[in-house]
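Visitor:
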Amino acid sequence: IVTGRASKIADALVTDSRVRMISFTGGTEAGQDIVKKAGLKKKSVGGTENLIMAASLAQGETVLKNCSLEPEVSDLCELLVKMGAKVDGIGQETIRIKGVKELGGATHDIIPDRIEAGTFLVAGALTRGNIVLTHSRPHHLGTIIEKLRYSGAKIEQLNNHSLRVIGSEDIKSQDVTTSPYPGFPTDMQAQFTILMTQASGTSIITETIFDRRFTHINELLRLGANIEVSGDKATVRGRTPLSGAEILASDLRASASLVLAGLIASGETIVNEVEHLDRGYEKLEGKL
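Residue numbers in the sequence shown follow the UniProt record's numbering, run continuously in steps of one, and reach 288 at the last position.
#1: Kindly provide the ranges of any beta strand (DSSP E) runs that are 3 or more residues long and lie completely inside the region 69-108, ordered along the chain.
#2: I'd like the ranges of any beta strand (DSSP E) spanning at least 3 consecutive residues and lying wholly in the region 131-219.
#3: Would you please verify whether the beta carbon of T94 is less than 7 angstroms from any beta carbon of chain D?
#4: Only counting the same chain, and skipping five residues up and downstream in sequence, which positions put a Cβ closer than 6 angstroms to that of L288?
#5: Decide yes or no for the touch test of the region 193-204 against the region 253-262: beta carbon pairs closer than 8 angstroms, at least 3 of them.
#6: Starting from N226, trace the beta strand (DSSP E) both ways and give me its first and last residue.
#7: Are the CB atoms of K98 and E61 nearer to each other than 7 angstroms?
#8: CB-CB under 8 angstroms to residue 309, same chain, minus the five flanking residues each way: which ones, in chain order?
#9: Helix, strand or coil for E246, going by three-state DSSP, please let me know.
#10: Given that a residue counts as buried once 16 or more other Cβ atoms are within 10 Å of its Cβ, and exposed if not, what is S230?
#11: Identify the continuous beta strand (DSSP E) that holds V63 and give its terminal residues.
#12: Out of A123, F210 and T186, which one is the CA nearest neighbour of I155?
#13: Buried or exposed: where does V132 fall if 16 or more other Cβ atoms within 10 Å of its Cβ makes it buried?
#14: Look at the alpha carbon of K41 and the alpha carbon of L79, and state the distance between them as a whole number of angstroms.
#15: I need the boundaries of the alpha helix (DSSP H) containing A256, first residue and last residue.
#16: Can you give me the C-alpha to C-alpha distance between V81 and F184, rounded to a whole angstrom?
#17: Identify every residue that forms a DSSP beta bridge with K233.
#18: Is it a yes or a no for the region 51-66 touching the region 104-122, going by three-plus beta-carbon pairs under 8 angstroms?
#19: Have a look at I204, N226, E49 and H139 and flag the residue whose alpha-carbon is nearest the alpha-carbon of A234.
#20: Measuring straight from C-alpha to C-alpha, what distance separates I52 and C77?
#21: Can you find the residues in the same chain that come closer than 6 angstroms, C-beta to C-beta, to S250, ignoring five residues on each side of it along the sequence?
#22: Just the C-alpha distance for S162 and A256, rounded to the nearest angstrom, thanks.
#23: From the DSSP output, in three-state form, read off residue 297 for me.
#24: Output needed for L277: all residues of its chain with C-beta closer than 8 angstroms, excluding positions within five of it in sequence on either side, in chain order.
#25: Indicate the three-state DSSP secondary structure (helix, strand or coil) for K283 in the structure shown.
#26: Using a 10 Å radius around the Cβ and a threshold of 16 neighbouring Cβ atoms, would you call H140 buried or exposed?
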């Protein structure tokens, strides 16, 4: 139980006060004896990563439960181990960490961005294109690839780091529900919504991770999409021609989805406030 100024640090580390036990040596020095036991009521990538980093320099052993399974969490753990951290259970829901006094330098290749890779896979399927995606990790894209194949796209793994996607002239509709990894990622929901606007039939997109993750839909309606939102569900009626317009990006993934929509809309599409886009995609326009 944490009080005083230290409680702000604790709140940043663990999202649910009912499942945390955090103590501070002297009540002030964060990093001396931070976490003993902690659990996340709801999986959180950022929460898991912050707890792991804090526990790496805490005294004694820390047990983290209900950890996120995203590849980015495992990648962070592997870096910390190279730096001298003692982490057991990498890639599992329960991770044990024995704190060390200090961490050293290390050389580490960061894993490719699976959401950027997924965005380009959707772009290929959406435009009925034929593209080769390099510097990716296909085994991190399992659910995305599965959904795209179901929609009619042909996806071929060329090697351990490359994929080819060939779009289908007949995109098939399907329902999608976001969930923590290895489920369908919430960060691909907006891009997949665009794909379903061109599919035959009706699709239902259910967002279970974040509230207000349908902000891109109002802008898609301006392009001519036929989508209705009710709570955490968006009903997408497909085979809808889109027409270019001036639209506004509201967040990172919404920005990417609007750019994808512009690829297939007739006429010119102008996406404003693309600073959101630049935060998550390096030189997207050049790659396109």
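Glycine residues also receive a C-beta, built at the ideal position from the N, C-alpha and C atoms.
Guide: In brief:
#1: 86-88 and 95-98
#2: 154-159, 162-166 and 202-206
#3: The question asks about chain D, but that chain is absent: this structure has only one protein chain.
#4: none
#5: yes
#6: N226 to S230
#7: yes
#8: With the chain running from 1 to 288 in the structure shown, residue 309 is simply not present.
#9: strand
#10: exposed
#11: E61 to K65
#12: A123
#13: exposed
#14: 26 angstroms
#15: L252 to I264
#16: 29 angstroms
#17: T206 and S230
#18: no
#19: I204
#20: 8 angstroms
#21: T215
#22: 22 angstroms
#23: Here the chain has residues from 1 to 288 only, and residue 297 is not among them.
#24: A249, L252, S255, A256, V259, V271 and L284
#25: coil
#26: buried
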